[in-house]
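Trainee: Residue numbers (the working numbering), protein chains in the order written: chain B, 18 to 138; chain R, 18 to 138.
Just dropping this structure here.
Number of protein chains: 2
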Amino acid sequence: MKDVVSRCPIEETMRVLSGRWPTLLLYYLKDGTKRFSDLRRDNPTVSHRILALELRKLEEAGIVRRTAHAGYPLRVDYDLTEPGLKLVPLIDALGDWWEDTEDDRASRASSTPETSLDTAA
Amino acid sequence: MKDVVSRCPIEETMRVLSGRWPTLLLYYLKDGTKRFSDLRRDNPTVSHRILALELRKLEEAGIVRRTAHAGYPLRVDYDLTEPGLKLVPLIDALGDWWEDTEDDRASRASSTPETSLDTAA
DNA sequence: TGTAAATTACGCACTATTCTGTAACCAGGT
DNA sequence: ACCTGGTTACAGAATAGTGCGTAATTTACA
Numbered sequence: 018m019k020d021v022v023s024r025c026p027i028e029e030t031m032r033v034l035s036g037r038w039p040t041l042l043l044y045y046l047k048d049g050t051k052r053f054s055d056l057r058r059d060n061p062t063v064s065h066r067i068l069a070l071e072l073r074k075l076e077e078a079g080i081v082r083r084t085a086h087a088g089y090p091l092r093v094d095y096d097l098t099e100p101g102l103k104l105v106p107l108i109d110a111l112g113d114w115w116e117d118t119e120d121d122r123a124s125r126a127s128s129t130p131e132t133s134l135d136t137a138a
Numbered sequence: 018m019k020d021v022v023s024r025c026p027i028e029e030t031m032r033v034l035s036g037r038w039p040t041l042l043l044y045y046l047k048d049g050t051k052r053f054s055d056l057r058r059d060n061p062t063v064s065h066r067i068l069a070l071e072l073r074k075l076e077e078a079g080i081v082r083r084t085a086h087a088g089y090p091l092r093v094d095y096d097l098t099e100p101g102l103k104l105v106p107l108i109d110a111l112g113d114w115w116e117d118t119e120d121d122r123a124s125r126a127s128s129t130p131e132t133s134l135d136t137a138a
């Protein structure tokens, strides 16, 4: 997603949430503060570069807060900001929608093609 | 977004909605039935190939219904299915969230660095 | 009347752009 | 020297856009 087409808030939101990781990170951060390495363990398939980039994107979007602690082997904590916390139930709602409409969505394709055979008047 | 990491419904949902077009198409289809060329006019920056692919993706996800009319220069109508209609308010909620938290998100970075020195001194 | 052109919704092949991963390297602290 | 978190450099994969072709039928125009 390079650029936005409209300044529509939905598009802006999707620009941040699009992709495989953002919602997953949100999900893991629901549980509370996590460190960089925790998040890597939480999902091992993300490369360390991408995790850093995604976290930064979320941080810049104001959804995630990064806290660097001085001392010892360097320690950085990540947790959700207020807006981030407010976003969580909305994302959960999408998951619920997916489950609730499962059957309904599965029966697509044929609907009521009553009009579909009229050869135009 | 190649593959899913978990079978989490949120991830499944995001797989369908990720990208610039899906939510935009949902938005335009809210108004009712549209033809392929209507959707192209609605937003001229999408290429015909991508529009076709995106519509098919949404159709396969059971969000959009495609109705092909026989005859004449071929005519295809697109509209939202029941699940698609149910999805609309959820997406709107994301847009509202974006607007409502605008100020909050803008003031990220510094939060409550009680436990640490943000920039590491 | 014959023939070319337009329309609509694509599919295909090719190119351009962007994303993601690997690996290596850097910084601060012990 | 080693750890954690992060960045840069360079692939390689994926995604998006362009242009051409096609189906059936109507229309443009000589």
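From the three backbone atoms N, C-alpha and C, an ideal C-beta is built for every residue, glycine too.
1) For B:R122 and R:R66, what's the separation of their Cα atoms in angstroms?
2) With distances taken from CA atoms, which of R:G36, R:L42, R:T118 and R:Y45 is nearest B:E99?
3) Please work out which residues of its chain come closer than 8 Å, Cβ to Cβ, to B:E131, disregarding the five sequence neighbours upstream and downstream, and give them in chain order.
4) Taking its Cβ as the centre, do 16 or more other Cβ atoms sit within 10 Å of R:S64, making it buried, or is it exposed?
5) So does the segment 42-57 of chain R actually touch the segment 67-80 of chain R, counting three or more Cβ pairs closer than 8 Å?
6) The alpha helix (DSSP H) spanning B:A85 covers which residue range?
7) Distance cutoff 8 Å, beta carbons only. Does R:L111 sit that close to anything in chain B?
8) CB of R:I67 to nearest heavy atom of the ligand SAM: below 7 Å?
9) Given 8 Å as the limit, is there contact between the segment 47-66 of chain R and the segment 44-55 of chain B, that is, 3 or more CB pairs closer than that?
10) Which chain B residues are close to R:E71, counting only those with a beta carbon under 9 Å from its beta carbon?
11) In the DSSP output, which residue or residues are listed as bridge partners for B:R66?
12) So what's B:R52 in DSSP terms, helix, strand or just coil?
13) Can you list, in chain order, the residues of its chain with a C-beta nearer than 8 Å to that of B:R57? Leave out the 5 residues immediately preceding and following it.
14) Report yes if the C-beta distance between R:V81 and R:Y95 is below 8 Å; otherwise report no.
15) For B:R92, report the span of its beta strand (DSSP E) as first-last.
16) Using the Cα positions of B:A85 and B:L70, report the straight-line distance between them to the nearest angstrom.
17) Taking the alpha carbon of B:L34 as the point to measure from, which residue in B:R83, B:G101 and B:G88 has its own alpha carbon closest?
18) So, for B:T30: in the same chain, excluding its five sequence neighbours on each side, which residues have a beta-carbon less than 8 Å away from its beta-carbon?
19) What three-state label does DSSP hand R:R24 in the structure shown?
Mentor: In short, the structure shows the following:
1) 24 Å
2) R:T118
3) Confidence is the limiting factor: at B:E131 the pLDDT is only 35, short of 50, which leaves the residue's position unreliable, though a coordinate-based value still follows. So no residue of the chain qualifies.
4) exposed
5) yes
6) Careful: B:A85 lies outside any alpha helix (DSSP H), inside the beta strand (DSSP E) at V81 to H86.
7) yes
8) The model depicted lacks the ligand SAM and carries no ligand whatsoever.
9) no
10) By Cβ distance, chain B contributes nothing, its closest Cβ being about 13 Å from R:E71, past 9 Å.
11) DSSP, once it has assigned bridges, lists no residue as partnering B:R66.
12) strand
13) V63, H65 and L68
14) yes
15) R92 to L97
16) 16 Å
17) B:G101
18) none
19) coil
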